[in-house]
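S.K.: Numbering (the UniProt record's numbering), first residue to last: 1 to 210. Even for Gly, the Cβ is constructed at its ideal location relative to N, Cα and C. Everything numeric in this text was worked out from a predicted model, so none of it was measured.
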Amino acid sequence: MANVLTIAMPKGRIFEEAADMLRKAGYQLPPEFDESRKLILDVPKENIRFILAKPMDVVTYVEHGVADVGIAGKDVMLEEDGDVYEVLDLKISECYLAVAGLPDGKISDVAPKIATKYPKVASSYFREQGEQVEIIKLNGSIELAPLIGLADRIVDIVSTGQTLKENGLVELERICHITSRLIVNPVSYRMKDEPIDKLVERLSKVIGGL
Ligand code: PRP
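1) Using 7 Å as the limit for Cβ to Cβ distance, is phenylalanine 33 near chain B?
2) Using the DSSP secondary-structure output, state which residues sit across from alanine 72 in a beta bridge.
3) Rounded to whole angstroms, what is the Cα-Cα separation between residue 216 and valine 187?
4) Please find out if some non-hydrogen atom of the ligand PRP comes closer than 6 Å to the beta-carbon of isoleucine 7.
5) Once you ignore the five residues that flank arginine 202 on each side, which residues in its own chain have a CB closer than 6 Å to its CB?
6) Is it the case that the Cβ atoms of glutamate 79 and tyrosine 125 are separated by a distance below 7 Å?
7) Helix, strand or coil: which one does DSSP assign to proline 112?
8) By the three-class DSSP mapping on this structure, what secondary structure does lysine 137 have?
9) What span of residues does the beta strand (DSSP E) with glycine 101 cover, start to end?
10) Between which residues of its own chain and methionine 21 is the CB-CB distance below 7 Å, once the five residues before and five after are set aside?
11) Going by other Cβ atoms of all chains shown within 10 Å of its Cβ, with 16 needed for buried, is lysine 11 buried or exposed?
Listed below in structure tokens is the structure:
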């Protein structure tokens, strides 16, 4: 496929909404797109190649130019801080970053421990609050940390609030609202402006109709 547009798609919770949005934008994605375990999927009809990536890695793929375009949560963008253009707020996968903990949790006076998948975001948040904390980086199931005594509080994504509730945790502070964004590699934006502009235009129409 000549001059193919490579799009990095995040697997997991954003995937379904993002795929749905691309279909609404008029892209003909094959049914196996949603079920396949393949990590690279070519859609020759659209001259598009999809890379199925871990959400945390989408910014890295786009920054390094192995993907021209990507769909990434604002949470990942804040944490990864890559050299990419954010061209569109897709307004999907809405959630927020929050500080949470046990309702009666005793917080140590000196540098409380904060477990999170987002060490950069958490450090800068507490620095802005003038609070000295110790950050403990975990890769998932963050809610476990206060339950087993690893951390005093957590910084994590809250979507429905169910995970907090089912684990007896409460939200303490909201950090910021999160949605998914369309990001573009700066060189690709110059070299493949036509398909990228078309993608942005088609997706913008879908967003306008949301
Ligand atoms: C995310 C997040 C919370 C949960 C919040 O985890 O880290 O644990 O979803 O969603 P809720 O408010 O709707 O319950 P994810 O499912 O992505 O998996 P992880 O724990 O492995 O990060």
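M.R.: In short, the structure shows the following:
1) The structure shown contains no chain B, having only a single protein chain.
2) Counting from one through the sequence shown, the residue named residue 72 turns up at place 72. According to DSSP, alanine 72 bridges with Arg181.
3) The requested residue 216 is not part of the displayed model; the chain covers only 1 to 210.
4) On the sequence shown, position 7 is the one that residue 7 refers to. It does not: the Cβ of isoleucine 7 is nowhere closer than 6 Å to a heavy atom of the ligand PRP.
5) Here residue 202 is taken as the residue at index 202 of the sequence shown, counted from 1. Excluding sequence neighbours, arginine 202 sits near Ala25, Gly26.
6) Counting from one through the sequence shown, the residue named residue 79 turns up at place 79. Counting from one through the sequence shown, the residue named residue 125 turns up at place 125. Cβ atoms of glutamate 79 and tyrosine 125: not closer than 7 Å.
7) By one-based count along the sequence shown, residue 112 stands at place 112. In the structure shown, proline 112 sits in coil (DSSP, three-state: anything other than H, G, I, E or B).
8) Numbered from 1 along the sequence shown, position 137 holds the residue referred to as residue 137. Lysine 137: strand per DSSP, three-state reduction.
9) As a first step, residue 101 is located in the sequence shown; it is residue number 101 there, counting from the start. Start and end: 95-101.
10) Walking along the sequence shown from the start, residue 21 turns up at place 21. The answer, listed in chain order, is Leu90, Ile92, Leu203, Val206.
11) Counting from 1 along the sequence shown, the entry for residue 11 is found at position 11. Exposed.
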